[in-house]
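Colleague:
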Amino acid sequence: MRYETIIIGAGLSGLAAGIRLAMFDKKVCIVEKHVEIGGLNSFYVRKKRRFDVGLHAMTNYSPKGVRSSPLGKLLKQLRISHDDFRLCQQEVSEIRFPENSLRFTNDFEFLRQEVSEQFPDQIDGFNKLVEKILSFDELNLNEGGCLLSRPVLESFISDPILIDMLFCPLMYYGNAREGDMDFYQFVIMFKSIFVEGFSKPQGGMYYILNLMADKFKSLGGELRMGNGVKTINSKEGTVYSVTLDKDGELETEAVLSSMGYVETLSCCQPKVLDLEECKIGQVSFMESLFVVDKEPRDLGYDKSIVFFSTQPRFNYKVPGDLIDISSGVLCCSNNFKFPEPLDDGLIRLTNLASFGRWDCLPRKDYISAKKEWRGRALDALFAFFPDFRDNVVFLDSFTPKTIKKYTGHINGAVYGSPQKIKNGKTSVNNLYICGTDQGFLGIIGATLSGISMANLHLLK
Amino acid sequence: MTIEDVRQIILNILADIAPDEDISSIDDNTKLRDQIDLDSMDFLDIVMELRKRFNIEVPEKDYEHLATMAGCVSYLTPLLKDRSMAS
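Protein chains in written order, with my numbering: chain H, 747 to 1206; chain D, 27 to 113.
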């Protein structure tokens, strides 16, 4: 038995690619190491409560009937209706710095108005930047030159605080690079967050992932859970099989891997040469979830998502400490327009974190460090936001180490390598990559990555 | 298969890949992409559906023949004339 394609990883990109291939009767199998689907955007259960991981919100909201948007393309290609995603839009989100606040909604003109009120001397430059962004072809899969964002932004905007405020959400939600951002990534993120906006699916990631896995299986696709890929085997430079951790070898004509670029090359047998030149991603996060006994808005948390910096200048880099408490993201799931209120109040706090610092702690210190740094992050937060400590009925935290354990991504780097492989090709024939390291990020981006790599390499 | 059958097959495929579009009033001589919102990803789907349903391979250089309904019909009718609708 020989497959036409083996897909490694049952995250959004792998599932989406699988649906495309199964839709056209390709013999396809998705192999997933973990016992749950989802990869970097998944879910877990504690004390009978199901929590999303990865997902704060889905970016790229566009209404039903819009077909040319990223969400519209995704739905069309997977032949899933907009209603089936059960998307509930955000209310209002905010970028909050010590001296300034910019609120934004799913109507871009709202943000434009905020900028003109908060930064009246910058609005002309901002408008010109927006024009450049809207006319930029960020989805071109051909490798362009590496253009960084900061110099581009500085050519339009002279106030560094406004530049940092615009960077803050875009970096937190999709930047693998420290300090600056590739301009095409900036454009992707700007459009997906500010121009299109946030929503959440009713039922969370669990619902979306199962919708996709069910679709894949109903089209005849095969899904193997709890069995990772040990090696990707090639002969004369062309892939021919994968060896699994358990029960042997699967022969295949092609492999599409969502493990990450370096992670994929590290599995190749025989070894491939270009491994040492690859940049490995470093950016990771610690996240704490707080179930509270009230609606977050009754505790003074009325925004859908807040991107904050407690310092005038925002610094996006791997911290020297275990986490960086000077900036973060607050997400209140309750503050989305769900048809019915959620069962629990939920506040999530995300901070930049250092994989290296967490990874070297012995088990005992690791547990106490989680508690200590969660406390420090809250102390920093409560200097600007109301204290909710007395209302917490359940809490849990995960770190870069947790992310590495469940996703296999080196360094727990949630956005992968800063060097993206836009065309998905590797030095091995018929071995392609999709997902985080291909270059489309976020939930919609990952899904489109799977679709476009399947279309480009495996369907023609 | 008649010319009308072939036209119906294209309509069936379009209905599958663009479920929200009104395909009842398609003009045969105007580009499909100007009438309903189709992009290059959708054209790939048309080609893939032809392969799946009728085992017809449309090479990339011939994609231009699929730009209009009239083009589709004249390109595909010779390939499908001995086939039945049930495929």
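Ideal placement from N, C-alpha and C gives every residue a C-beta, glycine not left out.
According to DSSP, H/Cys1078 sits in a beta bridge with which residue or residues?
Modeller: Within the first sequence, numbered from 1, the residue matching residue 1078 of chain H stands at position 332. Paired residues: H/Ile1093.
Colleague: Any idea what DSSP makes of D/Ser113, helix, strand or coil?
Modeller: Within the second sequence, the letter at position 87 stands for residue 113 of chain D. The predicted model places D/Ser113 with a pLDDT of 49, which falls under 50 and marks its position as unreliable, so this point remains unresolved.
Colleague: Can you tell me the Cα-Cα spacing of D/Asp24 and D/Asp54, whole angstroms?
Modeller: What the structure shows of chain D is the stretch from 27 to 113, and residue 24 of chain D is not part of that stretch, so it cannot be assessed.
Colleague: Along chain H, which residues have their Cβ under 8 Å away from the Cβ of D/Ile63?
Modeller: Looking up residue 63 of chain D in the second sequence gives position 37. The question names Ile, but residue 63 of chain D is Asp in the sequence shown. The contacting residues are Arg813 and Ser814.
Colleague: Quick one: using the 10 Å Cβ neighbour count with 16 as the cut-off for buried, is H/Ala762 buried or exposed?
Modeller: One-based indexing of the first sequence puts residue 762 of chain H at position 16. Classification of H/Ala762: buried, given that the 10 Å Cβ count is 16 or more.
Colleague: Quick one, which residues of the region 27 to 52 of chain D are near chain H if we go by CB-CB under 9 Å, in chain order?
Modeller: The residues in question are Asp42, Ile43, Ala44, Pro45, Asp46 and Glu47.
Colleague: What three-state label does DSSP hand H/Asn956 in the structure shown?
Modeller: Reading the first sequence from its first residue, position 210 is the one you call residue 956 of chain H. In the structure shown, H/Asn956 sits in a helix (DSSP, three-state: H, G or I).
Colleague: If you check the beta carbons only, do H/Ile753 and H/Leu965 fall under 8 Å apart?
Modeller: To locate residue 753 of chain H, count along the first sequence from 1; it is residue 7. To locate residue 965 of chain H, count along the first sequence from 1; it is residue 219. Taking 8 Å as the Cβ cut-off, H/Ile753 and H/Leu965 do not qualify as a contacting pair.
Colleague: Whether or not the region 1037 to 1048 of chain H and the region 820 to 828 of chain H are in contact is what I'm after, with contact meaning three or more pairs of Cβ atoms, one per stretch, closer than 8 Å; do they touch?
Modeller: These segments do not touch.
Colleague: Quick check on D/Asp31: does DSSP put it in helix, strand or coil?
Modeller: Sequence index remark: in the second sequence, residue 31 of chain D carries index 5 (1-based). Helix at D/Asp31.
Colleague: Answer with buried or exposed for H/Arg766, where buried requires no fewer than 16 other C-beta atoms within 10 angstroms of its C-beta.
Modeller: Residue numbering aside, residue 766 of chain H sits at position 20 when the first sequence is read from its first letter. Flag for H/Arg766 reads buried.
Colleague: Is there a C-beta anywhere in chain D that falls below 8 Å from the one on H/Asn1184?
Modeller: Indexing the first sequence from 1 puts residue 1184 of chain H at position 438. The amino acid at residue 1184 of chain H is misidentified as Asn; the sequence shows Gln. So, not an interface residue.
Colleague: So what does D/Ala41 bridge to, in DSSP terms?
Modeller: Taking the first residue of the second sequence as position 1, residue 41 of chain D is located at position 15. Looking at the DSSP assignment, D/Ala41 forms no beta bridge with any residue, so it has no partner.
Colleague: Between the alpha carbons of H/Ser1055 and H/Leu908, how many angstroms are there, rounded?
Modeller: On the first sequence, position 309 is the one that residue 1055 of chain H refers to. On the first sequence, position 162 is the one that residue 908 of chain H refers to. In a straight line, the C-alpha of H/Ser1055 is about 12 Å away from that of H/Leu908.
Colleague: Per DSSP, what kind of secondary structure is H/Ile1026 in: helix, strand or coil?
Modeller: Numbered from its first residue, the first sequence carries residue 1026 of chain H at position 280. Coil.
Colleague: Return the chain-ordered ranges of every alpha helix (DSSP H) run that is complete within the region 819 to 881 of chain H and spans a minimum of 4 residues.
Modeller: Runs found: 828 to 831, 854 to 864 and 869 to 880.
Colleague: Considering Cα atoms alone, identify which of H/Asp771, H/Gln931 and H/Ser1034 is closest to H/Ser1163.
Modeller: As a working mapping, residue 1163 of chain H is identified with position 417 in the first sequence. The option with the nearest alpha carbon to H/Ser1163 is H/Gln931.
Colleague: Spell out whether any CB of chain D is found under 8 Å from the CB atom of H/Asn1169.
Modeller: Along the first sequence, one-based indexing puts residue 1169 of chain H at 423. False, the Cβ-Cβ gap to chain D never drops below 8 Å.
Colleague: Checking 8 Å against the spacing of the C-beta atoms, do H/Ser1050 and H/Leu1095 come in under that value?
Modeller: In the first sequence, residue 1050 of chain H corresponds to position 304, counting from 1. In the first sequence, residue 1095 of chain H corresponds to position 349, counting from 1. Contact: no.
Colleague: Name the DSSP beta bridge partners of H/Ala1099, please?
Modeller: Numbered from its first residue, the first sequence carries residue 1099 of chain H at position 353. Answer by DSSP bridge pairing, in chain order: H/Ser1030 and H/Ile1069.
Colleague: Kindly indicate which three-state DSSP category H/Met747 falls into: helix, strand or coil?
Modeller: As a first step, residue 747 of chain H must be located in the first sequence, where it is residue number 1. Of the three classes helix, strand and coil, the one that applies to H/Met747 here is coil, per DSSP.
Colleague: Could you check if H/Ala1159 is buried or exposed, using at least 16 other CB atoms within 10 Å of its CB as the buried criterion?
Modeller: In the first sequence, the residue the question calls residue 1159 of chain H occupies position 413. With 16 or more Cβ atoms within 10 Å of its Cβ, H/Ala1159 is classed as buried.
Colleague: Where does the unbroken beta strand (DSSP E) through H/Glu968 begin, and where does it stop?
Modeller: Taking the first sequence and counting its residues from 1, the one referred to as residue 968 of chain H is at position 222. Run containing H/Glu968: Glu968 to Arg970, per the beta strand (DSSP E) assignment.
Colleague: For H/Cys775, report the span of its beta strand (DSSP E) as first-last.
Modeller: Stepping through the first sequence from its first residue, residue 775 of chain H is reached at position 29. Its beta strand (DSSP E) spans residues Val774 to Val777.
Colleague: Grouping DSSP H, G and I as helix and E and B as strand, with all else coil, what is D/Asp108?
Modeller: Against the second sequence, residue 108 of chain D aligns to sequence position 82. If DSSP states are grouped into helix, strand and coil, D/Asp108 belongs with coil.
Colleague: What residue range is occupied by the uninterrupted beta strand (DSSP E) comprising H/Ser895?
Modeller: As a working mapping, residue 895 of chain H is identified with position 149 in the first sequence. Here H/Ser895 belongs to no beta strand (DSSP E); instead the alpha helix (DSSP H) covers Ser895 to Glu900.
Colleague: From the DSSP output, which residues share a beta bridge with H/Asn1175?
Modeller: Here residue 1175 of chain H refers to the residue found at position 429 of the first sequence. According to DSSP, which records beta bridges pairwise, H/Asn1175 is partnered with H/Thr984.
Colleague: Assign H/Pro1087 to one of three DSSP states: helix, strand, or coil.
Modeller: If you number the first sequence from 1, residue 1087 of chain H lands on position 341. Three-state DSSP puts H/Pro1087 in coil, outside helix and strand.
Colleague: Is the distance from the Cβ of H/Phe872 to the Cβ of H/Val861 below 8 Å?
Modeller: Residue 872 of chain H sits at position 126 when you count from the first residue of the first sequence. Residue 861 of chain H sits at position 115 when you count from the first residue of the first sequence. Cβ atoms of H/Phe872 and H/Val861: closer than 8 Å.
Colleague: Is it buried or exposed for H/Thr1172, if we count other Cβ within 10 angstroms and need 16 for buried?
Modeller: Numbered from 1 along the first sequence, position 426 holds the residue referred to as residue 1172 of chain H. Counting Cβ neighbours within 10 Å, H/Thr1172 comes out buried, since at least 16 surround it.
Colleague: Would you tell me roughly how many angstroms separate the C-alpha atoms of H/Gln1057 and H/Ser1073, rounded to the nearest one?
Modeller: Against the first sequence, residue 1057 of chain H aligns to sequence position 311. Against the first sequence, residue 1073 of chain H aligns to sequence position 327. Each residue's Cα considered, the two are about 8 Å apart.
Colleague: H/Asp928 bridges to which residues according to DSSP?
Modeller: The sequence position of residue 928 of chain H within the first sequence is 182, counting from 1. Partner(s): H/Leu894.
Colleague: I need the straight-line Cα distance from H/Leu1088 to H/Gly800, nearest angstrom please.
Modeller: Here residue 1088 of chain H corresponds to residue number 342 of the first sequence, with the count starting at 1. Here residue 800 of chain H corresponds to residue number 54 of the first sequence, with the count starting at 1. Cα to Cα, H/Leu1088 sits roughly 19 Å from H/Gly800.
Colleague: May I have the straight-line CA-CA distance separating H/Met927 from H/Gln1015, to the nearest angstrom?
Modeller: If you number the first sequence from 1, residue 927 of chain H lands on position 181. If you number the first sequence from 1, residue 1015 of chain H lands on position 269. Those two C-alpha atoms are separated by around 34 Å.
Colleague: Return helix, strand or coil for H/Asp1111, following the three-state DSSP convention.
Modeller: Here residue 1111 of chain H corresponds to residue number 365 of the first sequence, with the count starting at 1. It is helical.
Colleague: List the endpoints of the continuous alpha helix (DSSP H) containing D/Arg77.
Modeller: On the second sequence, position 51 is the one that residue 77 of chain D refers to. Residues Ser66 to Phe80.
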